[in-house]
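In the working numbering, the protein residues as written are 474 to 834.
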């Protein structure tokens with residue numbers, strides 16, 4: 474038997490006249506006046522709770538949302554899971570930061586083997602870091618479309634693959650080109666880790682997780698020469714690339730165990746599951762209903778940094794400061810320390826790498 478439509482009538486207290494308002498103001502009341510709202514009985518059966526938890530209906534479309542108490546929302550993950558994700562993605566950031574500098578443990582080896590100049594071999598570091606700057610312009614908006622986890626997996630896979638040509642390089646050109654592509658791929662974790670942290674932690678809880686992520690950005694470049702120096706001294710310059718190749722392979726496998734944290738992707742998967750299980754194609758997410766075209770998102774991503782850099786003095790000054798710190802005080806030392814400690818003071822490559830710990834501290 475079809476049920477009657479649900480009808481409800483709300484009864485509100487009548488508005489006060491001007492005289493009544495004046496009378497209330499003259500009274501010495503101990504507490505505030507509260508006006509209550511009452512409702513008449515509702516006819517018809519109550520709506521199914523499970524249906525309400527799936528979302529609300531708009532223009533015949535069932536808008537899917539997270540169900541409370543079922544850990545569907547990344548913000549409701551347990552604290553242990555949140556810290557696992559935070560440390561996992563921060564480790565990826567650490568790995569690509571190490572990858573940018575581990576090869577500085579021995580920059581003379583490729584020069585001697587390929588018969589090229591030091592400036593050409595220095596491009597293996599410069600091109601990698603340039604990739605760090607270009608990649609996020611595309612990978613940041615792309616992660617909003619395909620999800621954080623897939624971006625980590627794809628980027629670490631290509632970082633892994635294009636480290637192999639560096640280890641097998643027969644000339645300097647192969648070395649430089651492979652490092653350029655590897656740098657582009659490795660930039661994805663750097664621009665997405667902050668998003669992953671924001672996905673799972675509330676604003677008032679993000680301080681320490683963001684500090685952990687930020688620390689890995691500066692710790693990685695300092696650890697690279699430390700590892701690379703000892704590896705090159707004991708096994709030769711190619712083994713720096715072989716160790717990096719093995720390390721990135723392990724990191725790629727590690728990404729397979731990092732859960733998705735982007736709410737829009739999780740809701741999209743839930744909607745797809747509901748459509749499949751019910752056969753009802755009306756289940757949709759708000760993101761699917763109000764989707765912004767990818768190229769529009771990409772356009773905003775490309776233009777916003779330029780606009781903010783020009784229009785916001787604090788952004789310009791802070792960017793200048795970070796550029797100085799990251800380029801001059803970190804990457805420039807990759808080439809200055811070997812001169813100061815190897816050529817002048819006679820340190821070995823391993824001990825020269827140890828001197829970079831001072832920057833990390």
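Every residue, glycine too, gets a C-beta built ideally from N, C-alpha and C. Model, not experiment: these values are computed from the prediction.
*asked:* Does residue 563 pass the burial test, meaning 16 or more other C-beta atoms within 10 Å, or should it be called exposed?
replied: Your numbering for residue 563 matches position 90 in the chain shown. Result: buried.
*Local conformation of residue 524 per DSSP, three classes*: Locating residue 524 in the chain shown gives position 51, where the first residue counts as 1. With a pLDDT of 47 at residue 524, under the threshold of 50, the modelled position of this residue cannot be trusted, and the question is left open.
_Cα-Cα separation, residue 519 to residue 537_ = What you label residue 519 is simply residue 46 of the chain shown in a count that begins at 1. What you label residue 537 is simply residue 64 of the chain shown in a count that begins at 1. A caution first: residue 519 carries a pLDDT of 40, below 50, which makes its placement in the model unreliable, though a value can still be read off. Distance between the alpha carbons of residue 519 and residue 537 is about 20 Å.
*Pick from 714, 614, 666, 795: whose alpha carbon is nearest that of residue 651?*
For the purposes of this step, residue 651 is taken as residue 178 along the chain shown, with counting starting at 1. Minimum Cα distance to residue 651 is reached at 714.
*When DSSP labels each residue in this structure, what does residue 475 get in the three-state scheme?*
Position 2 of the chain shown, counted from the first residue, corresponds to residue 475. Residue confidence for residue 475 is low, a pLDDT of 46 falling below 50, so the modelled location carries little weight; the figure read from the coordinates is stated next. Three-state DSSP puts residue 475 in coil, outside helix and strand.
*If you drop the 5 nearest sequence neighbours on each side, which residues of the same chain put their C-beta closer than 7 Å to that of residue 583?*
Taking the chain shown and counting its residues from 1, the one referred to as residue 583 is at position 110. Closer than 7 Å at the Cβ level, and outside the excluded window around residue 583, lie 594, 645, 648, 710.
*asked:* Please tell me whether residue 438 and residue 609 are closer than 8 Å, where the distance is taken between their beta carbons.
replied: Outside the displayed range of the chain (474 to 834) lies residue 438, so it cannot be described from this structure.
*Alpha carbon to alpha carbon, how far is residue 619 from residue 718? Give it in angstroms, no decimals.*
Translated into positions along the chain shown, residue 718 becomes position 245. Translated into positions along the chain shown, residue 619 becomes position 146. So the two alpha carbons sit approximately 26 Å from each other.
*asked:* Going by DSSP in three states, residue 818 sits in which element: helix, strand or coil?
replied: The residue labelled residue 818 in the question sits at position 345 within the chain shown. It is coil, neither helix nor strand.
*Out of 784, 792, 617, which has the shortest C-alpha to C-alpha gap to residue 665?*
Start at 1 with the first residue of the chain shown, and residue 665 comes out as number 192. Taking only the C-alpha atoms, the option nearest residue 665 is 617.
_The alpha helix (DSSP H) enclosing residue 554, as first and last residue numbers_ = Along the chain shown, one-based indexing puts residue 554 at 81. 552-574 is the extent of the alpha helix (DSSP H) around residue 554.
*Taking only the alpha-carbon atoms, compute the straight-line gap between residue 732 and residue 657 and give it to the nearest angstrom.*
In the chain shown, counting from the first residue as 1, residue 732 sits at position 259. In the chain shown, counting from the first residue as 1, residue 657 sits at position 184. Going from the Cα of residue 732 to the Cα of residue 657 covers about 23 Å.
_Given a cut-off of 8 Å on the beta-carbon distance, is the pair residue 689 and residue 633 in contact?_
Within the chain shown, residue 689 is the residue found at index 216, counting from 1. Within the chain shown, residue 633 is the residue found at index 160, counting from 1. Their beta carbons are not under 8 Å apart, which means residue 689 does not touch residue 633 by this criterion.
_Sequence-distant residues of the same chain with beta carbon closer than 6 Å to residue 821, five excluded per side_ = Here residue 821 is taken as the residue at index 348 of the chain shown, counted from 1. Answer for residue 821: 706, listed in chain order.
*Quick one, are the C-beta atoms of residue 700 and residue 534 less than 8 Å apart?*
In the chain shown, counting from the first residue as 1, residue 700 sits at position 227. In the chain shown, counting from the first residue as 1, residue 534 sits at position 61. Contact: no.
*asked:* Is the beta carbon of residue 829 closer than 8 Å to that of residue 698?
replied: In the chain shown, counting from the first residue as 1, residue 698 sits at position 225. In the chain shown, counting from the first residue as 1, residue 829 sits at position 356. Yes; because the gap between Cβ atoms is below 8 Å, this pair is in contact.
*Starting from residue 811, trace the alpha helix (DSSP H) both ways and give me its first and last residue.*
Translated into positions along the chain shown, residue 811 becomes position 338. Residue 811 -> no alpha helix (DSSP H), and no H or E assigned at all.
*Work out the CA separation of residue 750 and residue 442 for me, nearest whole Å.*
Residue 442 lies beyond the residue range present for the chain, which begins at 474 and ends at 834; the question has no answer from this structure.
*Ends of the alpha helix (DSSP H) at residue 731?*
Within the chain shown, numbered from 1, the residue matching residue 731 stands at position 258. That residue, residue 731, is in no alpha helix (DSSP H); it is neither H nor E in DSSP.
*Could you check what DSSP says for residue 710 in three-state terms: helix, strand or coil?*
Counting from 1 along the chain shown, the entry for residue 710 is found at position 237. Reduced to three states, the DSSP call for residue 710 is coil.
*asked:* Report the CB separation of residue 727 from residue 561 in whole angstroms; it is logged as a contact under 8 Å.
replied: To locate residue 727, count along the chain shown from 1; it is residue 254. To locate residue 561, count along the chain shown from 1; it is residue 88. Residue 727 to residue 561, Cβ: 7 Å. Contact.
_residue 772 - DSSP class collapsed to helix/strand/coil_ = On the chain shown, residue 772 is found 299 positions in, with the first residue counted as 1. Looking at residue 772 - three-state DSSP - the assignment turns out to be helix.
*Start and end residues, alpha helix (DSSP H) containing residue 588*: For the purposes of this step, residue 588 is taken as residue 115 along the chain shown, with counting starting at 1. That residue, residue 588, is in no alpha helix (DSSP H); it is neither H nor E in DSSP.
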